[in-house]
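Asks:
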Amino acid sequence: MPRRPTRGRIVLVVAIVLIALLAGLLRWASRPQQVANLVLSQASRALGLRITAKGASEYTLRGTPKLVLRDVTAQRDGDATPVLTAHRLLLSVPWSTLKSRGADLTVHRVELERPSLDIAALQRWLTTRPPTPKRPVPTLTDGLLVTDGGISGEGWTIEGLRANVPRLAPGRPVRAALVGRVLAGDTTMPFDLAATLARPEMPAGLGVAGKLVVERPQWRLPLDLVLRGRPALTRGVALDAMVMRAKAHYAAASIDLPFDLGLAGDARYAQGLHIAPFGLALRQGREIPDMRGGGTLDWTTTLALQLEGRITHWPAGWPALPAPIGRPAGPLPTQLHYDGPTDLSGETSLRLASGVSRFEGRFRLPRVLAWLDTPARGTPLPPLDGHVSTPRLDIPGAKLEGVDVEFRDDD
Numbered sequence: 001m002p003r004r005p006t007r008g009r010i011v012l013v014v015a016i017v018l019i020a021l022l023a024g025l026l027r028w029a030s031r032p033q034q035v036a037n038l039v040l041s042q043a044s045r046a047l048g049l050r051i052t053a054k055g056a057s058e059y060t061l062r063g064t065p066k067l068v069l070r071d072v073t074a075q076r077d078g079d080a081t082p083v084l085t086a087h088r089l090l091l092s093v094p095w096s097t098l099k100s101r102g103a104d105l106t107v108h109r110v111e112l113e114r115p116s117l118d119i120a121a122l123q124r125w126l127t128t129r130p131p132t133p134k135r136p137v138p139t140l141t142d143g144l145l146v147t148d149g150g151i152s153g154e155g156w157t158i159e160g161l162r163a164n165v166p167r168l169a170p171g172r173p174v175r176a177a178l179v180g181r182v183l184a185g186d187t188t189m190p191f192d193l194a195a196t197l198a199r200p201e202m203p204a205g206l207g208v209a210g211k212l213v214v215e216r217p218q219w220r221l222p223l224d225l226v227l228r229g230r231p232a233l234t235r236g237v238a239l240d241a242m243v244m245r246a247k248a249h250y251a252a253a254s255i256d257l258p259f260d261l262g263l264a265g266d267a268r269y270a271q272g273l274h275i276a277p278f279g280l281a282l283r284q285g286r287e288i289p290d291m292r293g294g295g296t297l298d299w300t301t302t303l304a305l306q307l308e309g310r311i312t313h314w315p316a317g318w319p320a321l322p323a324p325i326g327r328p329a330g331p332l333p334t335q336l337h338y339d340g341p342t343d344l345s346g347e348t349s350l351r352l353a354s355g356v357s358r359f360e361g362r363f364r365l366p367r368v369l370a371w372l373d374t375p376a377r378g379t380p381l382p383p384l385d386g387h388v389s390t391p392r393l394d395i396p397g398a399k400l401e402g403v404d405v406e407f408r409d410d411d
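Following full-length UniProt numbering, the numbering of the sequence shown begins with 1 at its first residue and continues without gaps.
This is how it looks when you write it as structure tokens:
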């Protein structure tokens, strides 16, 4: 009759099996590519993207577990352009999170090196996402760091982006430091901004403050700005109820024109930037008039601007007109229209009214700015085409009635 296995032998067999399983698990876990493939597979299914890492991966278990992926690409099936690429991605996760099997969403740190985000591909991917209930927000105890990042849009890019988010937690303000530069044709816009989101869950208010400089080959426009609004992803990428205030000054070779700028409206990015309608306020300028108005702005591969409002009073830096117009004291109804290249080199139309007197003209902004930048101007009138109509005009030695004057910029 066969002997029954003793309790000790059973324990020994179980121990051997467990040791074998543990050895196999450790052998599997010691292969970074195995772990990377598992993580990428799960992330791909969750996001509806094909996420791959072609470079050598690293996986560390000592201390806080870390996974490093290289040459990462996240792309939607059927789309020729990836949503996101990154030279290096580091994910550091506490043991408590790993043991919870998804119940605990605490992450120690995330780092992205040389990531590149394509806005058009992002928007195409967002339109394919099914409506889902709100998901819990993860906690980043040691934050998020982006270095040498890039973002590509329609006719513009952001380069050299550095973003530092010290901490992320549900229901808590999210603070970020953002440094980089925007490139759009010959225009460069370096920025150094601090941003605060009221909470990571949407909807939430966003506040941004810092410095941005618009740089062109012949001039620059530094802005010390404060902006607020409500981000939304329901209609592309949007910032609802946007309000921006900025202290600005236009600087060229020999002039410096300070002024205050205010802009308010609903901003949306969908194949370009659209702000419609918007309110605009300019004040405390000299050559730049104090003005309040409203209109629409569309910045895609070209720029379209419609503005209607009132110049509060005749700017002190503008030449006085012949009597009885002189320097009009009251508000001047104003209409401005531009549709052309994004560098504002195209033709702008302008209409002004003062009582029964009317002005209609056309000008090119670079020529007017060059005229302002000339210390000894050959003419008191800026380079523009147009005509003035007024019931009466007084000039030395004569009084003219029913005046209609045409003038032209010969250059």
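Each residue gets a CB set at the ideal place from its N, CA and C atoms; glycine is no exception. Remember, predicted model here, so these are calculated numbers, not experimental data.
What's the C-alpha gap between Leu183 and Trp219?
Replies: Translated into positions along the sequence shown, residue 183 becomes position 183. Translated into positions along the sequence shown, residue 219 becomes position 219. Using only the alpha carbons, I get a separation of about 15 angstroms.
Asks: DSSP state of Trp299, grouped into three classes?
Replies: Residue numbering aside, residue 299 sits at position 299 when the sequence shown is read from its first letter. It is a strand residue.
Asks: Whose C-beta lies closer than 6 angstroms to the C-beta of Ser116 among residues of the same chain, with five residues either side of it excluded?
Replies: As a first step, residue 116 is located in the sequence shown; it is residue number 116 there, counting from the start. These residues qualify, in order along the chain: Thr85 and Gly150.
Asks: On the criterion of 16 or more Cβ atoms from any shown chain inside 10 Å, does Gly309 qualify as buried, or is it exposed?
Replies: Looking up residue 309 in the sequence shown gives position 309. Per the 10 Å Cβ criterion, buried.
Asks: Alpha carbon to alpha carbon, what distance is there between Arg175 and Gly205?
Replies: Looking up residue 205 in the sequence shown gives position 205. Looking up residue 175 in the sequence shown gives position 175. So the alpha carbons of these two residues sit roughly 12 angstroms apart.
Asks: For Asp290 and Lys247, what's the separation of their Cα atoms in angstroms?
Replies: Residue mapping note: residue 290 aligns to position 290 of the sequence shown, counting from 1. Residue mapping note: residue 247 aligns to position 247 of the sequence shown, counting from 1. Each residue's alpha carbon lies about 14 angstroms from the other.
Asks: With a cut-off of 9 angstroms, does the C-beta of Glu159 fall near any C-beta of chain C?
Replies: Any reference to chain C falls outside this structure, which holds one protein chain only.
Asks: Hey, could you find the ends of the alpha helix (DSSP H) Pro366 is sitting in?
Replies: The residue labelled residue 366 in the question sits at position 366 within the sequence shown. Leu365 to Leu372 is the extent of the alpha helix (DSSP H) around Pro366.
Asks: On the criterion of 16 or more Cβ atoms from any shown chain inside 10 Å, does Trp314 qualify as buried, or is it exposed?
Replies: Here residue 314 refers to the residue found at position 314 when the sequence shown is read from its first residue. That one is buried.
Asks: Would you mind stating whether Leu161 and Gly210 have Cβ atoms separated by less than 9 angstroms?
Replies: Within the sequence shown, numbered from 1, the residue matching residue 161 stands at position 161. Within the sequence shown, numbered from 1, the residue matching residue 210 stands at position 210. No, the pair does not count as a contact, with Cβ atoms beyond the cut-off.
Asks: What residue from Gly293, Ala121 and Arg50 has the CA that sits closest to Gln271's CA?
Replies: Taking the first residue of the sequence shown as 1, we reach residue 271 at position 271. The shortest Cα separation from Gln271 among Gly293, Ala121 and Arg50 belongs to Ala121.
Asks: Roughly how many angstroms lie between the CA atoms of Pro200 and Leu303, to the nearest whole one?
Replies: Here residue 200 refers to the residue found at position 200 of the sequence shown. Here residue 303 refers to the residue found at position 303 of the sequence shown. When rounded, the distance between both Cα atoms is 33 angstroms.
Asks: In this structure, what does DSSP give as the bridge partners for Thr348?
Replies: Mapped onto the sequence shown, residue 348 falls at position 348. Thr348 is bridged to Tyr338 and Phe363.
Asks: Starting from Leu126 and walking both ways along the alpha helix (DSSP H), at which residues does that stretch end?
Replies: Translated into the one-based positions of the sequence shown, residue 126 becomes position 126. From DSSP, the alpha helix (DSSP H) with Leu126 extends over Ile119 to Thr128.
Asks: Using a threshold of 9 angstroms, state whether the C-beta atoms of Ile119 and Val208 are closer than that.
Replies: In the sequence shown, the residue the question calls residue 119 occupies position 119. In the sequence shown, the residue the question calls residue 208 occupies position 208. It is not a contact, given that the beta carbons lie outside the stated cut-off.
Asks: Starting from the C-beta of Glu401, find all residues in its chain whose C-beta is less than 6 angstroms away, skip the five residues before and the five after it, and write them out in chain order.
Replies: One-based indexing of the sequence shown puts residue 401 at position 401. Around Glu401: Arg392.
Asks: So, are the CB atoms of His108 and Thr60 less than 9 angstroms apart?
Replies: Your numbering for residue 108 matches position 108 in the sequence shown. Your numbering for residue 60 matches position 60 in the sequence shown. Contact flag unset, no.
Asks: Out of Leu227, Thr301 and Gly293, state which residue places its alpha-carbon closest to the alpha-carbon of Ala267.
Replies: Counting from 1 along the sequence shown, the entry for residue 267 is found at position 267. Of the listed residues, the one whose Cα sits closest to Ala267 is Leu227.
Asks: How is Arg283 classed by DSSP in three states: helix, strand or coil?
Replies: Position 283 of the sequence shown holds residue 283. Arg283 falls in the strand class under three-state DSSP.
Asks: Are the region 336–347 and the region 188–196 in contact at 8 angstroms, needing three or more beta carbon pairs?
Replies: No, because fewer than three Cβ pairs between the region 336–347 and the region 188–196 fall closer than 8 angstroms, the two stretches do not touch.
Asks: From this set, Leu263, Leu273 and Phe259, which residue's C-alpha is nearest Gly279's C-alpha?
Replies: Taking the first residue of the sequence shown as position 1, residue 279 is located at position 279. For Gly279, the nearest C-alpha among the options comes from Leu263.
Asks: If you follow the beta strand (DSSP E) that Val110 is part of, which residue opens it and which one closes it?
Replies: The residue labelled residue 110 in the question sits at position 110 within the sequence shown. Note, Val110: beta strand (DSSP E), Arg109 to Glu113.
Asks: Per DSSP, what kind of secondary structure is Ala103 in: helix, strand or coil?
Replies: Mapped onto the sequence shown, residue 103 falls at position 103. Ala103: coil per DSSP, three-state reduction.
Asks: Leu350 to Glu111, Cα distance in whole Å?
Replies: The sequence position of residue 350 within the sequence shown is 350, counting from 1. The sequence position of residue 111 within the sequence shown is 111, counting from 1. Each residue's Cα considered, the two are about 50 angstroms apart.
Asks: If Leu144 and Leu105 are in contact, beta carbons under 8 angstroms, what's the gap, nearest whole angstrom?
Replies: In the sequence shown, the residue the question calls residue 144 occupies position 144. In the sequence shown, the residue the question calls residue 105 occupies position 105. The Cβ separation is near 14 angstroms, so there is no contact.
Asks: Taking the alpha-carbon positions, what's the Leu273 to Gly265 distance?
Replies: Indexing the sequence shown from 1 puts residue 273 at position 273. Indexing the sequence shown from 1 puts residue 265 at position 265. Those two C-alpha atoms are separated by around 12 angstroms.
Asks: Considering just the uninterrupted stretch of the beta strand (DSSP E) at Lys66, what are its terminal residues?
Replies: Counted from its first residue, the sequence shown places residue 66 at position 66. Its beta strand (DSSP E) spans residues Lys66 to Gln75.
Asks: What residues in its chain sit with their C-beta under 8 angstroms from that of Leu365, if we drop five residues either side in the sequence?
Replies: As a working note, residue 365 is residue 365 in the sequence shown. Once the five neighbours on either side are set aside, the close Cβ partners of Leu365 are Leu344, Ser345 and Thr348.
Asks: In angstroms, rounded to a whole number, what distance separates the CA positions of Thr301 and Trp156?
Replies: Taking the sequence shown and counting its residues from 1, the one referred to as residue 301 is at position 301. Taking the sequence shown and counting its residues from 1, the one referred to as residue 156 is at position 156. Rounded to the nearest angstrom, the two C-alpha atoms are 9 angstroms apart.
Asks: Leaving out five residues before and five after Pro173 in sequence, what residues of the same chain have Cβ atoms less than 8 angstroms from its Cβ?
Replies: Here the question's residue 173 lines up with position 173 in the sequence shown. So the list reads Thr196, Leu197, Ala198 and Arg199, once near-sequence residues are dropped.
Asks: Could you compute how far the alpha carbon of Thr390 sits from the alpha carbon of Asp410?
Replies: Indexing the sequence shown from 1 puts residue 390 at position 390. Indexing the sequence shown from 1 puts residue 410 at position 410. Roughly 24 angstroms separates the two Cα atoms.
Asks: Using only the alpha-carbon positions, how far apart do Gln75 and Val243 sit?
Replies: The residue given as residue 75 occupies position 75 in the sequence shown. The residue given as residue 243 occupies position 243 in the sequence shown. If I take the Cα positions, the gap works out to 35 angstroms.
Asks: So who's on the other strand from Thr390, going by DSSP bridges?
Replies: Start at 1 with the first residue of the sequence shown, and residue 390 comes out as number 390. DSSP, once it has assigned bridges, lists Val403 as partnering Thr390.
Asks: Check the C-beta distance from Glu287 over to Leu352 and give it rounded, since I have them as a contact under 8 angstroms.
Replies: The count along the sequence shown starts at 1 and reaches residue 287 at position 287. The count along the sequence shown starts at 1 and reaches residue 352 at position 352. Wrong, their Cβ atoms sit about 15 angstroms apart, outside the cutoff.
Asks: Exposed or buried, which one is Pro82 when buried takes at least 16 other CB atoms within 10 Å?
Replies: For the purposes of this step, residue 82 is taken as residue 82 along the sequence shown, with counting starting at 1. Buried, by the Cβ-count rule.
Asks: For Ala398, which residues from the same chain have a beta carbon less than 7 angstroms from its beta carbon, with the 5 sequence-adjacent residues on both sides left out?
Replies: Taking the sequence shown and counting its residues from 1, the one referred to as residue 398 is at position 398. Contacts found: none.
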